[in-house]
Amino acid sequence: MLKRLLTMKLTVILLIIGLLLVSVAGFSQRITYVKKKTSLSQLFDEIYKQTGYGIIWSEKKLKNMAAFDADFHDAPLETVLKISLKNQPLTYIIKDKTIVLRERDSVSVGPGSSATLFDVMGSVLDENGKPLAEATIKVKGILKETISDVNGNFFIEGLDKDKELIISFVGYHTKQVSAAAGNLIVNMSLKLTDLEVVLISVGYGTLKKTSVTGAVSTVNAKDFQSTPTSSLSNLLAGRLPGAQIVNNSGFVGANSNILVRGVGSGTGGTYPLVVIDNVVASRTDFDVLDANEVESITLLKDAGTAAIYGSRAANGVLLVKTRSGGINQKAEFTLKAYTSTDRTTKPIPGYTATDELVYKNNQYIHQQEIAGQPIGALPYGQAAFDYYKDKSYHLMDYVWRNPSAQQYDLTVSGGSEEIQYFMLAGFNKANGSFENTDYNRYNFRSKVDASISKKLKIGLNLSGYRRGLDRFYWPYDAEESQTVQDFYRTTFNWSRLYPFYTKLDGTATDRLDPQGLPAYGSGGWNPVETIYDAGYRKTVYNTLNGILNIDLKIPFIPGLSTSVMGNYNVNTRNNKSFIKFNKSYPIKFKSDGVSTRNYLPVGLDLENPNIHNLSNALEAVVENVTLRNSYQLNWFLNYSRTFHKHDISANLIYEQSESNAKVLTGSAGRLISSDIDQIMAASKDASDRSFNGSESANARLGWIGRIHYEYDSKYIAEFSFREDGSYIFEPGHRFGFFPSASAAWRISKEKFFNVDFISELKLRGSYGTTGHDGTTDGSIAAYQWQNNYYPGSSYVFGNIDQFGIAPGRFPNSDITWEKTSSYDLGLDFGLFNGALSGEFDYFKRRISDIFQTRAQTLPGTFGAVLPQVNYAKKDVSGFDFSLQYHSRTGEISYLIGANVGYATDKWVIYDEPAAIQGTWRSQIGQPTNRLNGYISEGIIRDQSVVDVLKIKGFKQFGRDPMIGALLFKDIRGVNYSEGPDGKIDENDKTYLSNNQIPRINYGINLSVEWKAIKVDILLQGVSAYDKMVSTANTNDGGVFQFDRPYFGLWTDAWSTENPNGKYPKIIGWGYEELGFAPSSFWIGSGAYLRLKNVNISYSLPGKWINKIGIKQAQAFFTGTNLLTISAFKAYDPEQLALDSYPIMKGFTGGLNIVF
């Protein structure tokens, strides 16, 4: 007992001492400051530097304060404050580490008024009594607000005592308190789970996260708004569970492909349906959105959520919600600006002219050996090596420039109870990696929502963009291409032996040399001349979009409302090519007398120039103009009521849309002057001109219904349907019915479930069907149920040239929708009051009635093409998983998240020729994307192995085995009969991998915030992915081009001098065993982990910026694709091939200002 009493007394004494120490903390701070005629502002800055004590004060109250002489030497803080404020109409109090200045007396509101204004100060604390920084404190009824500082303190001046304060903080319940108390301590209570208030976009509406019964993934635009891009799809990689997002090119304006849960619909494209603010939009409309006009992006992954979009939802649905103004929010202007520069993620492979000479000599030696011919003089002797010792013509180095970009956005948002508004004006400009390859985009949005009365609301949402793609004229890159892929390949492959410009005597020179003339060595083009003087190809897109919403609550029937949404869209595309006279000259070479190849330049062949343009003689202009307009009209009848524990909502929707397009194309050659890039300045001769045009139209309508029911927030069920009509099909098969049903059970709400650390546990499941009619990707031709005819060859009848027509596809009146039936079973959970949360989904879907042209052989006299039919069938299955944890430790708050998705597929029914049925070539039971080829047993490095194989009579492609070549595995005989037959030929091919596309996609994100500094990191990667080093298709017998020295791989090829070389010996085109054929030798794991984004931001202190009218200012730095970890070393694993345009990493600096 005595020991316990002594312990209690000691505890009390220590507590008293601790309290005393806290109470005198302010007195222990000491200040040294000496300055004549100083101001209070300067003094407070010095106090902050020496003590860390923050000051809450009003600039306008200090403007007229008299200057004074400060003479403090190691003086207590209290003494400094008392002396400094002695002759000022101010007093102070110290709370924690914050000094709050106050007026000594209240201020009368007006003559004769008894009311007074007063100042309110307080602290916002969490459930553990720790300060909450950046909590929002609003004064109810007026546009006045502030936020708490890092110590949780806040200060609001000049309030009436009857005012109420509304305090809010993410993840905590909002509190409303009276301001009359003056000094407030506000203790916030943590919500049971953020899921209770998070709203998720679903088809034609929103639901609480806890009420969602299907599989959805959502990303908040704030997560990526500081990351630079010219295409919105590039920002989503690693952020959406279940979505594979791949960008195969780093060229400015290039976008990413999005694949939801593995392969998409059976035919055509794989891109999900895009819906922006409830309006069905195009992929381009999505990509050109400014990230700063977007509020959230939601991906509907299963039929339970996507079936409501019916005929176009087979590949998933991408819902975009744009930003709106806030209720009772004072007008807030935000200016964001950044500049960025890019580099390739991996250095562009380089080699020298002497490397090329070695390659060509080895190629000759090995060709002679195979042919059994003696090796004579080499193509390039020592003199050639001496000549090129200090010469190497690196064309890519000459024309490449590191891309750069800049973006500026100005937004304003705000509103009252009656009207909310948001407006944006944005500009993005990017310079490509070659001169005259530029991208620019202008965006605007103006959204206003008005409550006309308590029952009537009207919203107007206007938006538009202007996008320009400028590049030099290169005929082999398509007009619509967002890249310069073919030009890059040509430049990449330029021989190191050929100069770009020479004088008349063959001396290499520069483009800027007046005596220099453009040269070419092979292929006829001079890429440098192309960049600067081959004309241009400019494409300009203009789009204007308007959405009008009218919402009416129907009187006398509680919960019933109706609304109308109308959308009208107008867009134009203008593509203009100015093709200038482009001439280059072959280089004349001579030999050194020993080498068998001519390599010494002696001049240019001026008599045989290479000429490239439309007329092959003079300049030409080609213009293509597309005019499109479309509308979408929706009518909604909505009902939503709560009866005791029953929540029910229902929607009936009618949707109608139509689109029209007109395309006009004209061209004219032989311009009168290369300075006039107009058709009117061209030859009037009919043979120099051409004109064409076309029109198209499509329309659809549908009825949509949905019922959502909840009992006691525990048992949730939803049923939806959509009946869609498509113009694609014959009237009897035009409509498709797409239903879905889903349910969820919130186990954590049950009384029997009493697990304290589990705050949310929900089991859900869904089933539904979606459709595909090919209109979103153009994979299905319209009107296949009718006889179609097309312009055909002309013929002469009676000495008159008659116009001919030709039959098209044979009609099929039974063709109808592809259908996808989808099952999904999911689990949502939250632990530790929502600090840890996650989702898991297992899915399976069957795609049936896939469009396919039957594999039948028709005689040429048939005169038509067989129709497509609904025949094939495919299964897809997999899972998605995401996890997120957020917490706070002292002044550090952090969030860690991860997501992963896995999907695989196989053909169940697939029509194929009888010759391959039952063989390895059959698609039945196999995935859509697989790698085929020969099984490699490695490089033959020992002559004894060759001798043994020859004795056995073993042949590879009709040739004897050879040292330094690949040895393939003999697995089949004639007509794909199983078992070896002593030779390697086409019969020995097999499938090598089922992972030509990544089966696993994942992302990891980390966010840490400390005081004014915030760091966001995103890692993104793929796995179960095999990549074949090739420049062509590899599905079956793909062509390899390893005969080119640019591959650089060949610098470590087998030779007698390098018997341990990594690659087979150099031989060139046509030898399968020496690199030409696809095989397992060339397959490597394409799995990678990429440091996708790093964003570091710093918020400038308010005392620096508030004086000049700026509320907030944030400087940020962003790095993109900074690091890639992969076993695949040949080139970036996301890149298509070694000579395709590379993937880029970027560095961005910017500023975000709110005023």
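Quick note: the sequence shown uses UniProt numbering, first residue 1, plus one each step.
For glycine and all other residues, C-beta sits at the position ideal for the given N, C-alpha and C.
Between TYR767 and GLY304 a beta carbon distance of about 7 angstroms is seen, short of the 8 angstroms cut, so the two are scored as contacting. About 6 angstroms separates the CB atoms of ALA215 and GLY826; that is less than 8 angstroms, so the two are in contact. Bounds of the beta strand (DSSP E) holding ARG628 are 620-643. Going by DSSP, LEU949 is part of the alpha helix (DSSP H) stretching over 943-951.
Residue environment for LYS360: buried (at least 16 other C-beta atoms within 10 angstroms of its C-beta). The beta carbon of TYR727 lies closer than 6 angstroms to those of ASN698 and ALA699 in the same chain, with the five residues before and after it left out. Your pair TYR631 and GLU655 does not check out as a contact, with CB atoms roughly 11 angstroms apart and the cut at 8 angstroms. Here ILE780 is actually not in contact with LEU763; their C-beta atoms are around 38 angstroms apart, not less than 8 angstroms.
In this structure, DSSP gives GLN382 a helical state, which the three-state scheme calls helix.
In this structure, the straight-line span from the alpha carbon of ARG1090 to that of THR1124 is close to 4 angstroms. For SER340, the three-state secondary structure derived from DSSP is strand. Under the 8 angstroms Cβ criterion, the region 1071-1085 counts as touching the region 964-975, having at least three qualifying pairs. Setting aside the 5 residues that flank it on each side, ALA782 is surrounded in the same chain by TYR727 and ILE728, each with a C-beta closer than 7 angstroms to its C-beta; the list follows chain order. The three-state secondary structure of ARG489, taken from DSSP, is helix. With contacts defined as CB atoms closer than 7 angstroms, PRO241 and SER882 qualify as a contacting pair.
Here DSSP, grouped into helix, strand and coil, assigns HIS394 to coil. With fewer than 16 other Cβ atoms inside 10 Å of its own Cβ, GLY129 counts as exposed. Between the alpha carbons of ILE648 and ILE1143 lies a distance of about 50 angstroms. Cβ neighbours of ALA534 within its own chain (closer than 7 angstroms, five residues either side excluded): PHE472, TYR473, LYS580 and ASN582. Of all C-beta pairs linking the region 546-563 to the region 632-639, three or more are shorter than 8 angstroms, placing the two stretches in contact. The residue from ALA243, ASP1139, THR509 and LEU548 with its alpha-carbon nearest to that of ASP277 is LEU548.
Of the candidates GLY506, ILE348, THR322 and THR79, THR322 places its Cα closest to the Cα of VAL448. Per DSSP, the continuous beta strand (DSSP E) segment holding ASN187 begins and ends at 183-187.
For ARG700, the pairing in a beta bridge is given by DSSP as SER657 and SER726.
Only residues of its own chain outside the window of five on either side were considered, and among them GLY979, PRO980, ASP981 and ASN987 have a CB closer than 8 angstroms to the CB of GLY973, listed in chain order.
DSSP, reduced to helix, strand and coil, places LEU1136 outside both helices and strands of the structure shown, so it counts as coil.
If you draw a straight line from the Cα of LEU318 to the Cα of THR298, it is about 6 angstroms long. Counting along the chain, no beta strand (DSSP E) covers GLU912, and no H or E run does either. Looking at the DSSP output, SER584 shares a beta bridge with ASN610.
Secondary structure at TYR715: strand, using DSSP grouped into helix, strand and coil. Going by DSSP, PHE851 is part of the beta strand (DSSP E) stretching over 836-853. For the UniProt domain "TonB-dependent receptor plug" (209-317), the full-length beta strand (DSSP E) segments reaching 3 residues or more read 216-220, 243-246, 257-260, 273-276, 279-281 and 294-300 along the chain. With a 10 Å radius around the Cβ and a threshold of 16 neighbouring Cβ atoms, SER696 comes out exposed. For VAL908, the closest of PHE840, ASP849, LYS590 and GLY878 by C-alpha to C-alpha distance is ASP849. About 11 angstroms separates the beta carbon of PHE840 from that of ASP824, a gap too long to meet the 8 angstroms contact definition. For the pair ILE166 and LYS138, the CB atoms are nearer than the 7 angstroms cut-off.
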